Amino acid sequence: MITTGVNLTLNRASKFRTNLLTCHFIGPIEAATNTEMTLLTWILAHGNQKYPESEQLSLALAKLYGANLQVYHQNFGRWRDLIVEISFVDPLSDRAIGRECLDLIKDIIFEPLLGAARFDHEVYQAEYQALQTELLDLETNHDFQTFASTKAAFFDAPSLQTPRVGNLQELQHLSETHLGQLYQQLINDWRVEIVGYGQSLPADEQMKDWAFPARQPVLPQPQILNQLLAKPKVIEREIVGEQTHLCLAYTLPDLSTQVARDTLRLTAAILGGDEQSLLFRQVREQAGLAYDISATYDSFLGWLYIEAGVDRQQVDEAQAAISTVFAQARQSIDSQLLELEEENEINEQLQSQDQPRTRALQLFADAVFPERHRNQAEFAAAIHHISLTQVQEMLAACQLKVVTRLLNRSPK
């Protein structure tokens, strides 16, 4: 711990040449909107008071042997997480590049363009316009609109209804002053987790030298348990495009235990993870009712959603076929499919560990969710322990809550 509410985790592993310095700011979901978080990350990534132009910042990174800066945000249920990350290599292995990267990440955080008299308004307007353009472009992205419409209908809390990039409605209500106030709140009040991974990190005393004040962050429980509906919501509208977009979103049971989360992971893989999955084989290959189909989930948000591209004349058949997969899962899943997907999940997890960024993110996850920590052998044993009955029970517990149908008509 650096100070109250500000923590440091280091792993000086020598497995990779790449090193990572990452600073996470964690706050409650209600403290900001997704649109505010996206615009804030774009402004931070634009530059700082030392390098006010993005070209100047890019040149500074290039001089650090091509160091890479990323500023982004993600959500864990009721938690927001803003990340400032620099990855670098140190060809001389004297830690000099690491010290310069540490100084740069501090400048990005403590000397941003927000509030700088010469640059704040100009940069705010430029990034605001860039985000507005991206959100306007997404208005005609039917995959995105299917997801956004489903998410808005699925969740009750406004803070959970928007996609991570945000939306135009939130952007219209965003002000420069409020964004500056939000950033000060983030710097002064949010929980801070600093993570260093790699063999060329600065010395411990330098890694601990941050100007953050002490804080007493109050965070809600991240996990969300959604309410069931007596009857699923149906969203339907016409679009101009080549195919109809269908999405079925299901509420999930209590996922507070690791066994439940592992079972969900395996269930999603069995449903729509690869060419052996039930939805791919039964809906796409055997019935010929989908151009593409997949199953995705978020254990923190407590939902699983099936997305498919279908022909408009077959949308009812495709929806019925997906429902049949759930209803007949007990007969469709055999031990061979279960074992195949178990091995796929274990191998996928193992391969993901061969990336320095994944290792750094795992250090962060272990710091904020220590109850979920386990090594590869423990993960493999847990996945192998999941039974066919547990998967079937997970499928039976999924309750359909929202159906989204964007019905295409060909452009004239």
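Read left to right, the sequence shown gives residues 1 to 412 (UniProt numbering). Glycine residues also receive a C-beta, built at the ideal position from the N, C-alpha and C atoms. For clarity, every value in this text was computed on a predicted model and none was experimentally measured.
DSSP state of residue 178, grouped into three classes?
Of the three classes helix, strand and coil, the one that applies to residue 178 here is helix, per DSSP.
Thinking residue 49 and residue 111 are a contact (beta carbons under 8 Å), I'd like their distance in whole angstroms, please.
Rounded, the Cβ-Cβ distance is 4 Å, consistent with contact.
For the segment 286–341, list the beta strand (DSSP E) runs that are entirely contained and at least 3 residues long, ordered along the chain.
Entirely contained in the segment 286–341, the beta strand (DSSP E) runs reaching 3 residues are, in chain order, 292–298 and 303–310.
Between residue 167 and residue 35, how many whole angstroms is the CB-CB distance? I'm expecting something under 8 Å.
The pair is a contact, with the Cβ atoms about 6 Å apart (cut-off 8 Å).
List the residues that DSSP assigns as beta-bridge partners of residue 28.
Note: residue 28 sits in a beta bridge opposite 79.
Apart from the five residues on each side of it in sequence, which residues of its chain come closer than 6 Å, Cβ to Cβ, to residue 226?
Same-chain partners within the cutoff: 251 and 302.
Let's see if you can read the secondary structure: which residues bound the beta strand (DSSP E) around residue 399?
Unbroken beta strand (DSSP E) run through residue 399: 399–409.
Going along the chain, which unbroken runs of the alpha helix (DSSP H) with 4 or more residues stay wholly within the segment 149–194?
You should have 158–161, 168–172 and 176–189.
Mind the definition here: the segment 194–210 touches the segment 271–285 only if three or more C-beta pairs lie below 8 Å; say whether that holds.
Contact fails: fewer than three Cβ-Cβ distances are below 8 Å.
With a CB to CB cut of under 6 Å and the five nearest residues on each side skipped, what residues in its chain are close to residue 146?
Once the five neighbours on either side are set aside, the close Cβ partners of residue 146 are 245, 247, 404 and 406.
Are there 16 or more other CB atoms within 10 angstroms of the CB of residue 80, so buried, or fewer, so exposed?
By the 10 Å Cβ count, residue 80 comes out buried.
Using DSSP with H/G/I as helix, E/B as strand and the rest coil, what is residue 87?
Strand, per DSSP.
When the Cα atoms are used, what is the spatial distance from residue 96 to residue 3?
Computed Cα separation, rounded: 26 Å.
Near residue 399, what residues of its chain come up, given a Cβ to Cβ distance below 7 Å and the 5 sequence neighbours on each side ignored?
Counting only Cβ-Cβ distances below 7 Å, and skipping sequence neighbours, we find 228, 250 and 251.
Using the Cβ count rule (16 or more neighbours within 10 Å means buried), how would you classify residue 140?
Flag for residue 140 reads exposed.
Cβ atoms of residue 408 and residue 242: under 8 Å apart, would you say?
In contact: residue 242 and residue 408 (Cβ atoms closer than 8 Å).
Considering only DSSP beta bridges, list what residue 236 is partnered with.
According to DSSP, residue 236 bridges with 405.
Return the Cβ separation of residue 213 and residue 98 in integer angstroms, given the expectation that the two are a contact with Cβ distance under 8 Å.
Actually they do not touch by this definition, with Cβ atoms about 25 Å apart.
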